[in-house]
Amino acid sequence: MSETSRETNIPEFFGELDAGVFENKLSAVLNDVAKGVMNTRAKGEVTIKLSFSPMDENRVKISHKLTFVIPTLRGKTSEEDTTETPMYVNRGGKLTMLPEDQGQLFDIKGQPVGII
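According to UniProt numbering, the residues represented by the sequence shown are 1 to 116, in order.
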C-alpha cells in the first residue's frame, strides 16, 4: 500500500463527524456568514476546532466545535456548537468511522478465535 492511502480522507472525515450532521451545519453556517458579509460589507468568521481524547486501545473521541460570527446591520450574531464523534485510529494514524482491520478471526487450524 502506498503511504498516501494511509492518510485520512478529509471529505469522508468531515462527512462522518456527528453522522453527517456536522457537514450540514458547516454548509449552512458558510452560507449564512457569506450572506451577512455581502449584506453589511463587514467581516465574518467561521472557526472549526477539533480536540482528541483517548477512548480505548484503537479509538479516539473527537470533539468538534463550530463557532461563527455573522455580521448584521446592527452588530453581529455569534453561536458555538460542540458535538463528539468516536473514530478508529488505523495503521499510520488514518481516522475512520469503522476499523480497517478486524484483526485475527481464525486460528491456524481455521477455528474462530475467542470462541470457547
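Beta carbons: idealized from backbone N, C-alpha and C, even for Gly.
- Excluding residues up to 5 positions away in sequence, Asp32, Val33, Gly36, Gly44 and Thr77 lie with their Cβ nearer than 6 Å to the Cβ of Ile70 in the same chain.
- Under DSSP, Leu95 takes part in a beta bridge, and its partners are Val89.
- In the three-state reduction of the DSSP assignment, Asp107 falls in the coil class, being assigned neither a helical nor a strand state.
- Where Pro54 is concerned, the enclosing beta strand (DSSP E) starts and stops at Glu45 to Asp56.
- For Thr72, the enclosing beta strand (DSSP E) starts and ends at Arg59 to Thr72.
- Contact between Gly15 and Glu7 does not hold, since the beta-carbon distance rounds to 16 Å and is not under 8 Å.
- Residue pairing from DSSP places Thr82 in a beta bridge opposite Lys65.
- If you check the CB distance, Thr47 and Thr67 come in under 8 Å.
- Looking at Thr83, Ala42 and Met87, the one whose alpha-carbon comes closest to that of Leu26 is Thr83.
- Pro11 is not bridged by DSSP to any residue.
- Here Ala42 has Pro71 as same chain residues with Cβ atoms under 7 Å from its own Cβ, once five neighbours each way along the sequence are excluded.
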